[in-house]
Structures are given as structure tokens and as C-alpha cells.
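Student:
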């Protein structure tokens with residue numbers, strides 16, 4: 024294909040992806056009510072604990088802030104709902120330029136990354152209420168906890184994204200191993216640094232006083248790191264066996 028043909032194909036696939044995103048946003052707009060109810064559960068728990076709902080509320084500070092919040096949520100959810108379409112469009116555009124081996128690795132990478140990202144978001148959703156409730160406990164007596172809706176949504180979204188992406192990082196390590204950039208033994212030898220980084224990341228992502236959430240997140244990240252190291256060692260072993268079978272005996276001596 025010529026450059027002009029590639030550009031025409033790119034435009035076509037971008038248009039299909041954009042239409043899918045808009046359709047996903049329209050469908051997601053009707054899902055914002057149950058999702059807002061889900062992420063604001065900690066606020067209701069705090070209100071029940073304090074016994075004064077007037078001092079614990081989700082606050083909308085402008086005339087359009089309610090619509091803005093739903094629009095932003097619709098974009099994020101619509102992006103997720105339309106992911107099968109736009110991911111396929113990206114894949115269909117780049118696949119002709121890939122070798123069979125690269126296609127196999129890419130499929131394996133995506134197949135591992137997507138469930139890990141979803142699992143990370145789920146863990147983030149589990150620890151989110153504890154973080155909100157713990158931080159609200161520092162409000163002094165006589166004070167009121169008014170949560171700005173836009174800030175509250177940004178906090179929840181960023182927490183889910185950060186934890187979700189952190190779960191996918193071991194897949195990148197395996198991808199680097201398959202590309203020959205780093206060996207499985209090198210990954211394994213860096214376990215001390217990995218444990219330290221996981222602990223620091225968990226301490227930043229969770230409140231300092233919430234030790235349980237911090238240990239849970241750090242423990243999961245460490246387990247994923249060792250799983251990536253073990254899988255990389257298996258790939259290295261297979262690669263050595265394959266090279267030994269290809270090379271003549273005098274070359275391996």
C-alpha cells in the first residue's frame with residue numbers, strides 16, 4: 024500500500040473507533056447513576072457512623088457540575104465499553120506490518136494485560152472505601168466533610184488507574200524478556216528493589232494509617248513480580264534449548 028492508502032485506511036479506522044466511542048458514551052450516560060451510587064458508598068457509611076448526614080455530603084459547587092461529572096464518567100465508561108471496537112481497529116491497522124512471531128507475542132501480551140488491569144481496578148475499588156473512611160476520620164469534632172464531586176471522582180478514577188496499571192507492569196517485564204532486553208535471572212536478582220518499590224508505591228497509593236490496604240497492595244505486586252520472573256526464566260530455558268538444538272555441537276562446546 025502507498026502512503027496515501029495507509030492514510031485513507033487510518034482515517035477510516037479512526038472514524039469507526041470514534042463512532043464506537045460516541046455510542047459507548049451514550050450508553051454509559053444511563054449507567055452513571057448506579058456508578059455514582061457505588062463510588063459514594065463510603066460517604067454514606069461515614070454519614071451513618073457520624074449520625075449527621077448534613078455534615079457528610081457530596082458537593083456540587085456550580086450549576087453545571089452535575090452534568091460535567093456525568094459527562095466525564097460517560098467518557099471513561101464509554102472508552103471501556105467501546106474498547107473491543109477501537110482495539111480491533113488498532114490491531115487491524117498494525118497487524119499487516121507484523122511478523123507471525125510478533126503477532127503471537129502481541130496477542131499473548133493483550134490477553135494477559137487486560138485481565139490483570141481489570142483485577143487491579145477491582146483491588147483499587149476494594150481499598151478505595153477504606154481510604155475515604157480513614158481520611159474522613161481525621162476531620163475534627165465540629166467539622167463537616169463536604170466532598171467536592173469533581174475532586175472525589177478524580178480521586179477514585181486515578182486510584183483505579185494507578186493500581187490497574189501497576190498490575191500490568193509485570194507483563195512489560197515479560198515482554199522485555201521475550202525481546203531479549205533483560206533475562207529472567209536479572210529480573211529475579213532485582214527482587215529487593217522490586218519489594219522496596221512495591222512497598223513505596225503501596226504506601227503512596229494508600230493512606231499512611233491504612234496498613235492493611237498497603238500490605239495487601241504491596242503483597243499482590245510482589246507476587247506478580249516473582250510470577251513475571253519465573254515465567255521469564257522458563258522462556259530463557261526454552262530459548263537456550265532451542266539455540267542448542269540449532270547450533271552444531273562444536274559451536275556449543
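In my numbering, the protein residues as written are 24 to 276. Yeah, the Cβ is synthetic: ideal placement off N, Cα and C, and Gly gets one too.
1) So, for residue 252: in the same chain, excluding its five sequence neighbours on each side, which residues have a beta-carbon less than 8 Å away from its beta-carbon?
2) Beta-carbon separation of residue 66 and residue 81 under 8 Å?
3) Determine the DSSP secondary structure at residue 37, reduced to helix, strand or coil.
4) Grouping DSSP H, G and I as helix and E and B as strand, with all else coil, what is residue 81?
5) Per the contact definition of three or more C-beta pairs closer than 8 Å, is the segment 173-182 in contact with the segment 215-225?
6) Who are residue 168's beta bridge partners in DSSP?
7) If you draw a straight line from the alpha carbon of residue 30 to that of residue 144, how long is it in whole angstroms?
8) So which of 169, 192 and 157 has the shortest CA-CA distance to residue 9?
9) Pick from 264, 170 and 45: whose alpha carbon is nearest that of residue 83?
10) According to DSSP, is residue 163 part of a helix, a strand, or is it coil?
11) Are there three or more Cβ pairs, one per stretch, closer than 8 Å when the segment 105-122 is compared with the segment 147-160?
12) For residue 154, count neighbouring C-beta atoms within 10 Å of its own C-beta (all shown protein chains included) and say buried if the count is 16 or more, exposed if not.
13) Beta-carbon within less than 6 Å of residue 221's beta-carbon, same chain only, minus the 5 sequence neighbours each way: which residues are those?
14) Grouping DSSP H, G and I as helix and E and B as strand, with all else coil, what is residue 235?
15) Of all the options 48, 42 and 139, which has the alpha carbon lying nearest to the alpha carbon of residue 247?
Tutor: Result, derived from the coordinates:
1) Here residue 252 refers to the residue found at position 229 of the chain shown. If we look at residue 252 and ignore the five residues flanking it on each side, its Cβ neighbours are 196, 207, 210, 211 and 214.
2) Start at 1 with the first residue of the chain shown, and residue 66 comes out as number 43. Start at 1 with the first residue of the chain shown, and residue 81 comes out as number 58. If you check the CB distance, residue 66 and residue 81 come in under 8 Å.
3) Position 14 of the chain shown holds residue 37. DSSP places residue 37 in helix when its eight states are reduced to three.
4) Along the chain shown, read from residue 1 onward, the residue named residue 81 stands at position 58. Three-state DSSP puts residue 81 in a strand.
5) no
6) Translated into the one-based positions of the chain shown, residue 168 becomes position 145. Residue 168 is bridged to 79.
7) Along the chain shown, one-based indexing puts residue 30 at 7. Along the chain shown, one-based indexing puts residue 144 at 121. Across the structure, residue 30 and residue 144 are spaced so that their CA atoms are roughly 35 Å apart.
8) The chain is shown only over 24 to 276; residue 9 falls outside these bounds and no answer can be derived.
9) In the chain shown, residue 83 corresponds to position 60, counting from 1. With distances taken between Cα atoms, residue 83 lies closest to 170.
10) For the purposes of this step, residue 163 is taken as residue 140 along the chain shown, with counting starting at 1. Here residue 163 sits in coil by DSSP.
11) no
12) Locating residue 154 in the chain shown gives position 131, counting from the first residue. Buried: at least 16 other Cβ atoms inside 10 Å.
13) Counting from 1 along the chain shown, the entry for residue 221 is found at position 198. Cβ neighbours of residue 221 beyond the five flanking positions: 241, 244 and 245.
14) Start at 1 with the first residue of the chain shown, and residue 235 comes out as number 212. Correct three-state label for residue 235: helix.
15) For the purposes of this step, residue 247 is identified with residue 224 of the chain shown, where counting begins at 1. The shortest Cα separation from residue 247 among 48, 42 and 139 belongs to 139.
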